[in-house]
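Quick note, the sequence shown lines up with residues 999 to 1204 if you use the working numbering.
Ideal Cβ placement from N, Cα and C applies to all residues, glycine included.
Note sheet for the following structure.
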Amino acid sequence: MTGKLRWLLLATLATLAACVTINVYFPAAEAQQAAREFVDDVIGRPDAGNGNGNGNGNGNNDNGEPDGGGQRGVQAPVFSLQLIASAHAQADITIRTPAIQAIRERMRARFGQLRPHFDSGALGMTRDGRIAVRDPASLPLRDRATLNQLVAEDNRDRDAVYREIAVANGHPEWEGDIRATFAREWIQAAGRGWYYQDAGGNWVQK
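What follows is the structure, given as structure tokens:
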């Protein structure tokens, strides 16, 4: 192959490669599995036997919980299939880093103090993967400041874990999808009688 032909071939390949846009899919199924593992470890699933399943039409999604974890499309010519396969191989979710484990331990330890307030209806699960004091009037005045502090600490950890999972998996742009996935799983795991927000922000009792 002459030098000129080789140069033309390399230039053509470079031009073709420049035209390829590879967007990695958000691994929705893997994220759901990771979120379920995390949530189950923190609060368990009190109503696991009452039909609260995978959110595939038989759980709470019909009530309007946040919908996340959509797919980002992949468009590329045939010659880039190998690159796409490589990108897909990287599309996975891990929640086993020291930072994530530390957050999980804090949340699990704190939840023993929060659970009675979910049971009473004072607390509720929000549609954005956080928690909120739904009915402060149901609490004695002396207990309100303590509960507000616990809620603030828990929400800091929740925000931190969504961000940390996205960063730990090399895709900070996935934070919103991860938050939405966790929001669904928190609500799926909520006990009977607990409150959560629907898509319109209204409080609904499970």
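Boundaries of the beta strand (DSSP E) in which residue i is found, first to last residue
i: residue 1122; result: 1121-1123
i: residue 1130; result: 1129-1131
Per-residue burial, residue i [other beta carbons within 10 Å of its own, 16 or more giving buried]
i: residue 1077; result: Because the pLDDT of residue 1077 is 38, which lies under 50, any placement of that residue in the model is unreliable, and the number read from its coordinates should be weighed accordingly. Exposed: under 16 other Cβ atoms inside 10 Å.
i: residue 1155; result: buried
i: residue 1164; result: buried
i: residue 1191; result: exposed
i: residue 1068; result: Bear in mind that a pLDDT of 43 at residue 1068, under 50, signals an unreliable position, so the model cannot answer this.
i: residue 1073; result: Only weak support exists for where residue 1073 lies, its pLDDT of 41 falling under 50; the coordinates are left without a value.
i: residue 1087; result: Legend: pLDDT at residue 1087 = 45, less than 50; position of this residue unreliable, no value from coordinates given.
i: residue 1168; result: exposed
i: residue 1063; result: At residue 1063 the pLDDT is 45, less than 50, meaning the model places this residue with poor confidence and gives no usable figure here.
i: residue 1049; result: Any reading at residue 1049 needs caution, since the residue's pLDDT is 39, under 50, leaving its predicted position unreliable; the model's value is listed next. Result: exposed.
i: residue 1094; result: exposed
i: residue 1183; result: buried
Extent of the continuous alpha helix (DSSP H) to which residue i belongs
i: residue 1184; result: 1173-1187
i: residue 1159; result: 1139-1166
i: residue 1037; result: 1026-1041
Residue nearest to residue i in terms of C-alpha spacing, selected from the options
i: residue 1029; options: 1152, 1189, 1174; result: 1174
i: residue 1128; options: 1170, 1031, 1159, 1035; result: 1159
i: residue 986; options: 1036, 1110, 1145, 1043; result: It is not possible to answer for residue 986, since the shown part of the chain is limited to 999 through 1204.
i: residue 1132; options: 1203, 1025, 1097, 1024; result: 1203
i: residue 1149; options: 1112, 1184, 1126, 1198; result: 1112
i: residue 1157; options: 1182, 1126, 1143; result: 1126
i: residue 1198; options: 1124, 1036, 1091; result: 1124
i: residue 1108; options: 1027, 1024, 1144; result: 1144
i: residue 1122; options: 1179, 1176, 1152; result: 1152
(request) Would you check if the region 1132-1147 and the region 1158-1175 touch, i.e. whether three or more CB-CB distances between them fall below 8 Å? (result) no
(request) Count the C-beta pairs between the region 1096-1104 and the region 1112-1129 that are closer than 8 Å, then say yes if the count reaches three, no if not. (result) no
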